[in-house]
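Below is one structure, written out as structure tokens; the observations come after it.
Number of protein chains: 4
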Amino acid sequence: MEFIFEHEMKVRDYECDLQGIVNNANYQHYIEHTRHEYLSSRNISFAKLHDDGIDAVVARITMSFKVPLKSGDEFISKLAVQKEGIKYVFYQNIYRKSDMKLVLKAVVDTVTLINGRLGTCEILDAICQ
Amino acid sequence: MEFIFEHEMKVRDYECDLQGIVNNANYQHYIEHTRHEYLSSRNISFAKLHDDGIDAVVARITMSFKVPLKSGDEFISKLAVQKEGIKYVFYQNIYRKSDMKLVLKAVVDTVTLINGRLGTCEILDAICQ
Amino acid sequence: MEFIFEHEMKVRDYECDLQGIVNNANYQHYIEHTRHEYLSSRNISFAKLHDDGIDAVVARITMSFKVPLKSGDEFISKLAVQKEGIKYVFYQNIYRKSDMKLVLKAVVDTVTLINGRLGTCEILDAICQ
Amino acid sequence: MEFIFEHEMKVRDYECDLQGIVNNANYQHYIEHTRHEYLSSRNISFAKLHDDGIDAVVARITMSFKVPLKSGDEFISKLAVQKEGIKYVFYQNIYRKSDMKLVLKAVVDTVTLINGRLGTCEILDAICQ
Chain H
1 MEFIFEHEMK VRDYECDLQG IVNNANYQHY IEHTRHEYLS SRNISFAKLH
51 DDGIDAVVAR ITMSFKVPLK SGDEFISKLA VQKEGIKYVF YQNIYRKSDM
101 KLVLKAVVDT VTLINGRLGT CEILDAICQ
Chain R
1 MEFIFEHEMK VRDYECDLQG IVNNANYQHY IEHTRHEYLS SRNISFAKLH
51 DDGIDAVVAR ITMSFKVPLK SGDEFISKLA VQKEGIKYVF YQNIYRKSDM
101 KLVLKAVVDT VTLINGRLGT CEILDAICQ
Chain Z
1 MEFIFEHEMK VRDYECDLQG IVNNANYQHY IEHTRHEYLS SRNISFAKLH
51 DDGIDAVVAR ITMSFKVPLK SGDEFISKLA VQKEGIKYVF YQNIYRKSDM
101 KLVLKAVVDT VTLINGRLGT CEILDAICQ
Chain U
1 MEFIFEHEMK VRDYECDLQG IVNNANYQHY IEHTRHEYLS SRNISFAKLH
51 DDGIDAVVAR ITMSFKVPLK SGDEFISKLA VQKEGIKYVF YQNIYRKSDM
101 KLVLKAVVDT VTLINGRLGT CEILDAICQ
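Chains as they are written, first to last, in our numbering: chain H, 1 to 129; chain R, 1 to 129; chain Z, 1 to 129; chain U, 1 to 129.
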């Protein structure tokens, strides 16, 4: 599958833990932010969706951690997305910028709640490949 | 001023940064959580207040950091609160449980927004000393 | 598999995001904290392990999100652990305390780095079922 | 006092809380990151300082919150720094990019620990105005 969006970021020191590497939970932040930036690049606001009663929520996430990011590292977060049934499945990799080594490989299944109930959303259908 | 509420917590390792001590921003989390637990002890839900159009927001915060907390430390977070004009002023200290050394001394000025405008709120007036 | 450890926690409001529910990344924090509390219950300090050159790191994580936690919710985080080859595999479920509904089902593969290289660690072997 | 460094950032949705605005503790993250980026612009690595036994720690922080940042907001974080006795005092303002309104006004007193004891550090002296 081909990545259709990428977002560059840099590790912030407060994201590192006592092991001196980025704490795992922050990768979930990184890939969430990348999804929202992708939406934003398609003129969709995650916050506005919520205000309109449309909540995209994560149903399942799988992450493989390959190389840890450290203080000062820059990285590129890439994204692909496919509709599978009622799910939007995001394929998200993170690469360390200095050598393009694979840092993280993630698959994120999201579903859409319309006013609290599972539903489909044309706005989100339009962002799939 | 006498403390009227206390809440006991324990450092979580993800709250420590690469210096091996609790990252400063987490103390703001600790004292916010203590304020909300205090509200909760008085049967006030911060989330419900928000749903009712009442937002208590921090206008100003001063924190003095005395002794850093480390992995595994237990601590006690104490609170006093006084109404001063339209502000609710929280006096909040954190003590390390093992030796009751002062960890943090904070003063937090909060104001109330009613549907987005500065206002007063009887529900919150009732929690002051 | 039988759970051998449980740890009770309560949602802190700062863990909720603009959707009004706990942000997904915090579940990774919750289950990390549970693993470290389990180590601690067996007299093993994650921070001390690190100081001794032993780093337990997450290689892979799978999380299924069932019911979202909200402001004020109390929950119980349960853990089982098995050695599989050089991996320690943690099975971790979170239940909402009010009705014991399943909130999260996670499988966490961890490996051990001894001074930066993959290795095995008798201290950690002893915590497996 | 004149600002000598600025760093541009954008709100990430996970930094917003159930009030729909950036949670206060994140401003502390923003200004910490700005200080470290300033050090980095002067070829000083916060992480390397720590490895060398030099820890810059925050002794006192005062923050006035003026206008809250929301989902999608871009902002500019500005910094000035002065040596006062053994303290490095950072003056840090954050402005919302869309209208340059003042978001946050902060004063951060830091001190230097050399192998755990209060000390002075020529490397850090060189970054002051």
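In this text, a Cβ means the ideal position worked out from N, Cα and C, and glycines have one as well.
Inset, instruction - Give a yes or no on contact between the stretch 62-70 of chain Z and the stretch 51-67 of chain H, applying the rule of three or more CB pairs nearer than 8 Å. - result: yes
Inset, instruction - Go through the stretch 89-127 of chain H residue by residue and report every complete run of the alpha helix (DSSP H) that reaches 4 residues or more, in order. - result: 122-125
Inset, instruction - Out of U:Ser71, U:Ala80, U:Gly72 and U:Thr110, point me to the one whose CA is closest to glutamine 129 of chain U's CA. - result: U:Ala80
Legend entry - phenylalanine 75 of chain R, DSSP secondary structure in three states: strand
Inset, instruction - Answer yes or no: does any C-beta atom of chain U fall closer than 8 Å to that of glutamine 19 of chain R? - result: Closer than 8 Å: yes.
Inset, instruction - Pick out whichever of R:Ile21, R:Leu18, R:Ser45 and R:Gly53 has its Cα sitting closest to the Cα of arginine 117 of chain R. - result: R:Gly53
Inset, instruction - Would you check if the distance between the CB atom of serine 77 of chain Z and the CB atom of tyrosine 14 of chain Z is smaller than 8 Å? - result: no
Inset, instruction - Indicate whether at least one CB of chain U lies closer than 8 Å to the CB of asparagine 115 of chain Z. - result: Chain U, which has no Cβ nearer than 8 Å to the Cβ of asparagine 115 of chain Z, makes this no.
Inset, instruction - Kindly say whether phenylalanine 46 of chain Z, judged by its beta-carbon, lies nearer than 8 Å to any beta-carbon of chain R. - result: yes
Inset, instruction - Hey, could you find the ends of the alpha helix (DSSP H) lysine 66 of chain U is sitting in? - result: It is not in any alpha helix (DSSP H) - lysine 66 of chain U carries neither H nor E in the DSSP assignment.
Inset, instruction - Assuming aspartate 17 of chain U contacts aspartate 17 of chain Z (C-beta within less than 8 Å), just tell me the rounded distance between them. - result: 7 Å
Inset, instruction - Could you spell out where the alpha helix (DSSP H) holding lysine 70 of chain Z opens and where it closes? - result: Looking at the DSSP string, lysine 70 of chain Z is not in any alpha helix (DSSP H), and its letter there is neither H nor E.
Legend entry - For methionine 9 of chain H: DSSP bridge partner residues: H:Phe75
Inset, instruction - Give the interface partners of tyrosine 30 of chain H over in chain R, defined as CB-CB distance under 8 Å, in chain order. - result: Result: empty, since nearest Cβ-Cβ is about 15 Å, beyond 8 Å.
Legend entry - Bounding residues of the alpha helix (DSSP H) (the contiguous stretch that carries arginine 35 of chain R): 24-41
Inset, instruction - Could you tell me which chain H residues have their CB closer than 9 Å to the CB of asparagine 43 of chain R, listed as they occur along the chain? - result: Those do not exist, as asparagine 43 of chain R stays about 26 Å from chain H at its closest Cβ, beyond 9 Å.
Inset, instruction - Express the C-alpha separation of isoleucine 123 of chain R and phenylalanine 46 of chain H in angstroms, rounding to a whole number. - result: 32 Å
Legend entry - Neighbourhood of lysine 83 of chain H by C-beta distance below 6 Å, restricted to the same chain and skipping five residues each side: Cys128
Legend entry - Residue-level contact to chain H via CB, phenylalanine 90 of chain Z, 8 Å cutoff: Judged by the 8 Å Cβ criterion, phenylalanine 90 of chain Z is not in contact with chain H.
Inset, instruction - Counting only the same chain and skipping the five closest in sequence on each side, list residues whose C-beta sits under 7 Å from that of asparagine 26 of chain R. - result: Glu15
Inset, instruction - Tell me glutamine 82 of chain Z's beta-bridge partners as DSSP assigns them. - result: Z:Val89
Legend entry - Run of the alpha helix (DSSP H) containing leucine 49 of chain R, from where it starts to where it stops: 46-51
Inset, instruction - Assuming lysine 87 of chain U and isoleucine 21 of chain U form a contact by the criterion Cβ under 8 Å, report the distance between their Cβ atoms to the nearest whole angstrom. - result: The distance from the Cβ of lysine 87 of chain U to that of isoleucine 21 of chain U is about 31 Å, inconsistent with a contact at the 8 Å cut-off.
Inset, instruction - Measure the alpha-carbon distance for methionine 1 of chain U versus glutamate 37 of chain U and round it to whole angstroms. - result: 20 Å
Inset, instruction - Could you tell me which chain R residues have their CB closer than 9 Å to the CB of aspartate 13 of chain Z, listed as they occur along the chain? - result: Glu32, His33, His36, Phe46 and Ala47
Legend entry - Neighbourhood of threonine 34 of chain U by C-beta distance below 7 Å, restricted to the same chain and skipping five residues each side: His7, Ser77, Leu79 and Gln92
Legend entry - Cβ-based contacts, 9 Å cut-off: residues of the stretch 58-78 of chain U near chain R: Val58, Ala59, Arg60, Ile61, Thr62, Met63, Ser64, Phe65, Lys66 and Pro68
Legend entry - Rounded Cβ spacing between arginine 96 of chain U and aspartate 125 of chain U (contact assumed at less than 8 Å): Not a contact, Cβ separation roughly 33 Å.
Inset, instruction - Could you run through the stretch 80-109 of chain R and flag, in chain order, every residue whose CB is less than 8 Å away from some CB of chain H? - result: none
Inset, instruction - Report yes or no: is there a C-beta of chain Z within less than 8 Å of the C-beta of histidine 50 of chain H? - result: yes
Inset, instruction - Label isoleucine 114 of chain U either buried or exposed according to how many other C-beta atoms from any shown protein chain fall within 10 Å of its C-beta, with 16 as the threshold for buried. - result: exposed
Inset, instruction - Whole angstroms is fine: what's the gap from leucine 102 of chain U's alpha carbon to phenylalanine 3 of chain H's? - result: 38 Å
Legend entry - Cβ-based neighbour list, cysteine 121 of chain R, same chain, cut-off 6 Å, excluding 5 preceding and 5 following: Ile54 and Thr112
Legend entry - serine 40 of chain H vs phenylalanine 5 of chain H beta-carbon contact at 8 Å: no
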